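Novice: Residue numbers (our numbering): 7 to 282.
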Amino acid sequence: MPTAIVTDSTSDIPSRLLQEFHIFQIPTDLILENITYLDGFDLSRNEFYNRLPSLEKLPTTAAPSAGRFLKLYDQIFKEGYTEILSIHAASALSGIYNAAKLAAREFSRQIYVLDSQQLSLGLGFQVLEAARWVREELSLEQILQKVSSIQERLSVFALLDTFSYIHRSGRVSWAKARLGSLLNIKPIVELKNGEVLNRGLARARGNGLRMLGRYLEDLGPISQLAVLHTNAEDTGRDFLERHCTPQVRDPLLVNVTTIIGTHVGPNAIGFTAVVK
7 MPTAIVTDST SDIPSRLLQE FHIFQIPTDL ILENITYLDG FDLSRNEFYN RLPSLEKLPT
67 TAAPSAGRFL KLYDQIFKEG YTEILSIHAA SALSGIYNAA KLAAREFSRQ IYVLDSQQLS
127 LGLGFQVLEA ARWVREELSL EQILQKVSSI QERLSVFALL DTFSYIHRSG RVSWAKARLG
187 SLLNIKPIVE LKNGEVLNRG LARARGNGLR MLGRYLEDLG PISQLAVLHT NAEDTGRDFL
247 ERHCTPQVRD PLLVNVTTII GTHVGPNAIG FTAVVK
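(1) State the beta-bridge partners of G276 as determined by DSSP.
(2) Indicate whether the contact test is met: 3 or more Cβ pairs, each with one atom in the stretch 254–274 and one in the stretch 53–63, closer than 8 angstroms.
(3) Leaving out five residues before and five after T168 in sequence, what residues of the same chain have Cβ atoms less than 6 angstroms from its Cβ?
(4) Pick helix, strand or coil for E85, following the three-state DSSP scheme.
(5) Taking its Cβ as the centre, do 16 or more other Cβ atoms sit within 10 Å of E223, making it buried, or is it exposed?
(6) Of all the options W139, R255 and L76, which has the alpha carbon lying nearest to the alpha carbon of F27?
(7) For the beta strand (DSSP E) holding D14, just list the boundary residues, first then last.
(8) In whole angstroms, give me the CA-to-CA distance for D80 and I266.
(9) Taking just the CA atoms, how far does R209 sit from I11?
(10) Can you give me the C-alpha to C-alpha distance between A95 and D14, rounded to a whole angstrom?
(11) State buried or exposed for Q151, treating a residue as buried only when at least 16 other CB atoms are found within 10 Å of its CB.
(12) Which residues share a DSSP beta bridge with F27?
(13) Which residue or residues does DSSP assign as beta-bridge partners of L61?
(14) From P8 to T88, what distance separates their C-alpha atoms?
(15) Grab me the residues of E112's own chain with a C-beta within less than 7 angstroms of its C-beta, minus the 5 sequence neighbours each way, in chain order.
(16) What residue does the alpha helix (DSSP H) around I37 start on, and which one ends it?
(17) What does a CB cutoff of less than 7 angstroms around L246 pick up in its chain, not counting 5 residues either side in sequence?
(18) Cα-Cα, which of V202, L127 and L215 is closest to I172?
(19) Between S126 and A105, how many whole angstroms is the CB-CB distance? I'm expecting something under 8 angstroms.
(20) Quick one: using the 10 Å Cβ neighbour count with 16 as the cut-off for buried, is G242 buried or exposed?
(21) Got a sec? Which residues, its chain only, sit under 7 angstroms from A109 by beta carbon, not counting five neighbours each side?
(22) How would you call F54, buried or exposed, if buried means at least 16 neighbouring beta carbons within 10 angstroms?
(23) Measure the C-alpha to C-alpha separation of C250 and I149 and round it to an integer number of angstroms.
(24) Taking the beta strand (DSSP E) that I41 falls in, what are its first and last residues?
(25) From Q230, D244 and E196, pick the residue whose C-alpha is nearest to that of G212; which is it?
(26) For A164 and H235, I'd like the C-alpha separation in whole angstroms.
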């Protein structure tokens with residue numbers, strides 16, 4: 007059997023595509039009111055986002071253990087695969103990559119662990135690209151070149167509905183420095199090379215959506231697009247209809263994983279685009 011592709015649940019790849027391309031996905035952990043949930047299994051995204059605003063304590067997240075990666079990698083080799091390409095969330099923002107690297111050292115067979123430097127479909131599009139080229143029977147080296155090319159052409163932007171969650175998460179240095187008086191501001195952020203960058207501040211959601219749309223249009227011709235939201239499907243669908251061109255193949259509309267939603271909050275809207 008050819009190369010196996012492994013990723014984690016922060017990739018936000020729809021289940022139908024995971025099945026179609028035989029992608030192995032390991033869930034991350036969400037700790038909510040002292041209960042640990044496996045992302046994508048134990049708690050629906052709709053339920054999570056409905057509960058999030060009323061929680062006194064912000065949920066926390068945890069990477070899957072190296073032991074869980076060991077078990078998955080062993081299962082994959084037992085199924086007959088000869089090598090594994092394991093592509094994961096940005097190492098600067100999560101411990102998932104390091105856990106996978108630690109597990110990979112325990113095997114004599116080839117496992118290549120790649121830092122996507124992204125989250126959500128910024129990661130997911132890289133994984134899908136790799137899976138498509140596995141079908142074409144390219145070598146691992148050739149697949150890595152293809153993934154590197156798409157990584158360089160990715161753009162991920164988001165409009166957050168509130169400063170509160172990214173501020174409270176403590177994960178982003180510039181957000182930690184903001185004062186409480188700015189929590190009603192709606193920031194636009196870009197995820198690039200594992201960093202969350204401030205790309206603008208809007209005092210009204212409508213203004214923010216227009217700014218977000220301009221960022222997408224300024225990219226020029228794109229080949230792939232995913233509109234991302236955190237329980238804001240109507241807004242996401244409207245954004246997709248306004249900004250998706252006929253040249254884009256199979257655009258996606260995705261309610262973002264709880265692991266990412268913990269840090270951005272409900273009612274966020276964003277996009278992942280791959281420039282031609």
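Just so it is clear, CB atoms sit at the ideal spot from N, CA and C, and this is done for glycine as well. These numbers were taken from a predicted model, which means no experiment stands behind them.
Specialist: According to the data block:
(1) A164 and L234
(2) yes
(3) G271
(4) coil
(5) exposed
(6) W139
(7) A10 to D14
(8) 28 angstroms
(9) 42 angstroms
(10) 7 angstroms
(11) exposed
(12) Paired residues: none, contrary to the question.
(13) Looking at the DSSP assignment, L61 forms no beta bridge with any residue, so it has no partner.
(14) 7 angstroms
(15) L76
(16) Segment D35 to L38 is the beta strand (DSSP E) holding I37; no alpha helix (DSSP H) there.
(17) V233, P257 and L259
(18) V202
(19) Rounded, the Cβ-Cβ distance is 19 angstroms, inconsistent with contact.
(20) buried
(21) A72, F75, L76 and Y79
(22) buried
(23) 28 angstroms
(24) I41 to L44
(25) D244
(26) 9 angstroms
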